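>
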Amino acid sequence: MVRVRIAPSPTGIPHIGNTRTALFNFLFARRNNGEFLLRIEDTDRARFVPESEKAIYEILEWLGLKWDGKVIKQSQRLEIYKDHAEQLLKKGSAYKKEGAIHFEMPRTGETSWDDLIGNKHISFKNETQEDFVIIKSDGFPTYNFANVVDDHLMEISHVIRGEEFISSTPKHIQLYKAFGWSPPDFAHLQIVLGPDRAQLSTMHGAKSILDFRKEGFLKEALLNYMALLGWRFAGQMENEERTPYVFPEREIMSLDFMILFFELKDVNTTSPIFDIKKLEWMNGMYIRKSQISNLKSQIWEYLDKKYPVETIGKTAPLIKDRIKKLSEYLLLCDFFFKEPEKYEIDLSGKKEMFRNIEIALENLTEWDEIGIGEHMQKVAKDIGVKNREFFMLLRVAVTGKKISPPLNESMEILGKEKVIKRIKKVQNL
RNA sequence: GACGCCAUCGUCUAGUGGCCUAGGACAGUGGGUUUUCAGCCCAUUAAUCGGGGGUUCGAAUCCCCCUGGCGUCACCA
914 MVRVRIAPSP TGIPHIGNTR TALFNFLFAR RNNGEFLLRI EDTDRARFVP ESEKAIYEIL
974 EWLGLKWDGK VIKQSQRLEI YKDHAEQLLK KGSAYKKEGA IHFEMPRTGE TSWDDLIGNK
1034 HISFKNETQE DFVIIKSDGF PTYNFANVVD DHLMEISHVI RGEEFISSTP KHIQLYKAFG
1094 WSPPDFAHLQ IVLGPDRAQL STMHGAKSIL DFRKEGFLKE ALLNYMALLG WRFAGQMENE
1154 ERTPYVFPER EIMSLDFMIL FFELKDVNTT SPIFDIKKLE WMNGMYIRKS QISNLKSQIW
1214 EYLDKKYPVE TIGKTAPLIK DRIKKLSEYL LLCDFFFKEP EKYEIDLSGK KEMFRNIEIA
1274 LENLTEWDEI GIGEHMQKVA KDIGVKNREF FMLLRVAVTG KKISPPLNES MEILGKEKVI
1334 KRIKKVQNL
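Position in the first sequence (first residue = 1) + 913 = our numbering.
This is the structure we're talking about:
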């Protein structure tokens, strides 16, 4: 039975790095019909950040990486750790010193294991190892100790975690040995690096997943991108002659697809660097692929349901190819909800032209995109203004901006009354 | 510094001895479509596979050394 866990400590809001670890654990569990557990390692009272525990739940739920069973919190298991430390004391593999309990590491031989990432044998000479604290003088267990006790008690079969724990794995293995337990399999994932090539960390300004959501990233894109950082589908598709992955579409994968094909042996051994550009491209890709009804509700919810959902629904088709993030919706579409107050081009002195436009629009019986377009082209021709210039001025008059969704469609959606009102308004500039 | 992990275009990667004068994607550049901006389409720049030795008829692929990057060296996790 495969049982994995993620063991975040509530000392910060999860970012791409540790969330990717969660994703890989989740994929491995689902792929193998196993369980994916969540343990909060809150034994460091000094670094505790209150809102981070809530954020951990929120992020996992939002992304659809729901854990199985109930959450284990180390701060509520202090007795368990004490009991186990006591056992080691009795066995003589631990000793007290300065109010803390220390574990005695062997001085000779070596400690090693076969790591599932890269399928390699890693070994440390025991002479390089040192004794370490398992129970602090405040009675709390240290990470190294609580981690091992819990992984055993929770019957974890595979420990899939970041590479930063490789150096402490000998400690863990020796602990298992001292207890007479058999250690789980280990898989140490390569660390995700920032553009500065240093490990992604909150301290270093890495954005949290919550930040990405706030910026309008879709969970599908985030999930897909995180998976691609070190893993890709290694199967063969039809028509692929030479090497797999030559088609871009195989980079776009749903969570279900990933679950179907995820294998630890296909996880890369090199540390990937997080590239926001590719994430943005991928997010745009997901937005473009979205069904309008789905995109509509995503935007609506993203904007805290403050804007009329019908208008969002009507305008969504106009902007789905134009935005990379949900946050860009209002940049393009705010004019649907309020009249422009300022104009990116000086429209004064164009009174005559807008008067002509107004009359032409007034005379329109069918208020639709095609009719509007035809009539406007005619006006442009009649007054001898090039399309390019004519429509730019009209665009600014209606939207306030030089960049906007397609004009005719926008005018149709806005409605005759509002459009004419705006055309009248610019005649008084 | 000690210990450990890693090493293919700027970035993510394909590649497990001959299909590689190294393929794809993102980013970049040029062009086309065009009523803006996107999108889409086409083209294109970019890696002497970190360096040096081997092994082999043949190496990005196997071995060794060097170098570099990263990680860990707490009563943090």
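Built from N, CA and C at the ideal position, the CB exists for glycine as well. From a predicted model like this one, the values you see are computed outputs, not experimental measurements.
Helix, strand or coil for GLY1118 per DSSP?
In this structure, GLY1118 counts as coil in the three-state DSSP scheme.
> What does the alpha-carbon distance come out to for the pair ASN938 and ASN946?
Using only the alpha carbons, I get a separation of about 12 Å.
> Whole alpha helix (DSSP H) runs in the segment 1193-1237 with 4 or more residues, listed along the chain?
Counting only runs of 4 or more, we get 1205-1215 and 1222-1232.
> Compute the distance between the beta-carbons of PHE1058 and LEU1029, then report whether it is under 8 Å.
No. Outside cutoff.
> What residue range is occupied by the uninterrupted alpha helix (DSSP H) comprising LEU1244?
1242-1246 is the extent of the alpha helix (DSSP H) around LEU1244.
> Using the three-state DSSP reduction, which class does MET914 fall into: helix, strand or coil?
It is coil, neither helix nor strand.
> In whole angstroms, what separates the C-alpha of VAL1159 from that of MET1166?
Only weak support is given to the placement of VAL1159: the predicted model assigns it a pLDDT of 40, under 50, and the value that follows is read from those uncertain coordinates. One C-alpha to the other measures close to 15 Å.
> In or out: ILE1326 buried (at least 16 other Cβ within 10 Å) or exposed?
Classification of ILE1326: buried, given that the 10 Å Cβ count is 16 or more.
> Roughly how many angstroms separate the alpha carbons of GLU1254 and LYS1127, rounded to a whole number?
Those two C-alpha atoms are separated by around 27 Å.
> Assess contact between the segment 1316-1336 and the segment 1223-1243, defined as three or more Cβ pairs (one per stretch) separated by less than 8 Å. Is contact present?
Cβ pair count under 8 Å is three or more, so yes.
> Let me know if SER922 comes out buried or exposed under the rule of 16 or more other beta-carbons within 10 Å of its beta-carbon.
Answer is buried; the Cβ neighbour count reaches 16.
> Considering only C-alpha positions, which residue in the set LEU1141, HIS1101 and LYS1132 is nearest to ASN1032?
Closest option to ASN1032, Cα to Cα, is HIS1101.
> Identify whether PRO1253 lies in helix, strand or coil by the three-state DSSP scheme.
Of the three classes helix, strand and coil, the one that applies to PRO1253 here is coil, per DSSP.
> Let me know if MET1171 comes out buried or exposed under the rule of 16 or more other beta-carbons within 10 Å of its beta-carbon.
Per the 10 Å Cβ criterion, buried.
> Checking 8 Å against the spacing of the C-beta atoms, do LEU936 and LEU1136 come in under that value?
A contact, by the Cβ cut-off of 8 Å.
> Please say whether ARG933 and VAL1046 have beta carbons closer to each other than 8 Å?
Taking 8 Å as the Cβ cut-off, VAL1046 and ARG933 do not qualify as a contacting pair.
> How big is the Cα-Cα spacing for ASN1300 and ARG1268?
Their backbone Cα atoms lie some 17 Å apart in a straight line.
> Report buried or exposed for HIS1117, applying the criterion of at least 16 other Cβ atoms within 10 angstroms of its Cβ.
Exposed, by the Cβ-count rule.
> In the structure shown, what three-state DSSP assignment does VAL1105 receive?
DSSP places VAL1105 in coil when its eight states are reduced to three.
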